[in-house]
Amino acid sequence: SRRPGRDPRTVVEVALEEGQELRDEFTCPITRSLMRVPVIAADGHTYDRSAIERWVAHHDISPKTGELLDHKLLVPNHNLKRLVDDLVAEGGSGLYSRPPRGGLVDQAKDPVQGSRRRRRPGTASSAP
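Yeah, the sequence shown ends on 871 if you go by the working numbering, and it's all consecutive.
Here it is, written out as C-alpha cells:
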C-alpha cells in the first residue's frame with residue numbers, strides 16, 4: 744500500500760557537492776541506484792524489487808553473497824521505503840553522503856564520540 748501523494752517514479756533533482764555519492768544504505772546492490780521499492784530477499788539483504796525479481800527469475804543464488812537462496816520470497820522493507828520516501832519529499836539531499844572536509848578523514852578523531860582523543864606524550868592510548 745502506498746502512502747497518499749507518494750509516487751515512486753517521482754524525479755528529484757539534487758544539487759550535489761563534489762565527491763557526494765548515493766549512500767550505500769539506499770543503493771541497490773544489483774543496479775547501484777536508489778531503491779524506490781526496497782524488499783528483503785532470503786539472504787537478508789535489501790534490493791530494489793524490480794532488480795531482484797529479474798535476478799531470482801534466472802538465478803538460485805544471492806547476487807550479494809553468491810550463496811544458495813533458501814527461497815525466492817521477497818518481503819517489503821517498509822521502514823526503508825518510508826525513509827527513502829521522506830528523504831525524497833524533503834528534497835533528496837539526505838540520500839547522499841557528505842564529502843569529507845579537507846580531504847582525508849582525520850584518523851585521530853574518535854568515530855563514536857566525534858571528538859579528538861587526548862594522549863599524554865609517551866603513553867599508549869587505552870581502549871574505550
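Even for Gly, the Cβ is constructed at its ideal location relative to N, Cα and C. A quick note: this is a predicted structure, and the numbers were derived from the prediction, not measured.
In the DSSP annotation of this structure, I783 is not part of any alpha helix (DSSP H); the continuous beta strand (DSSP E) holding it starts and ends at 781-783. Nearest to H821 by C-alpha distance, out of P781, E810, R841, C771, is P781.
Note that the stretch 760-769 touches the stretch 821-838; at least 3 beta-carbon pairs, one per stretch, sit closer than 8 Å. Nearest to D786 by C-alpha distance, out of T808, H802, E796, is T808. Within the model, the alpha-carbon separation for T789 versus I783 is close to 4 Å. In the three-state reduction of the DSSP assignment, D829 falls in the helix class. Short of 7 Å from the beta carbon of E761, and not among the five residues preceding or following it, lie these beta carbons of its own chain, in chain order: P842.
From the listed residues I773, M778, A832, the smallest Cα separation to I804 is found for I773. Using a 10 angstroms sphere on the CB of D791, the tally of other CB atoms reaches 16 or more, which defines it as buried. In the assembly as shown, G834 is an exposed residue. Its beta-carbon has fewer than 16 other beta-carbons within 10 Å.
Comparing C-alpha distances from L817 to each of I795, L777, V831 shows the shortest one belongs to I795. Under the three-state reduction of DSSP output, D786 falls in the coil class, being neither helix nor strand.
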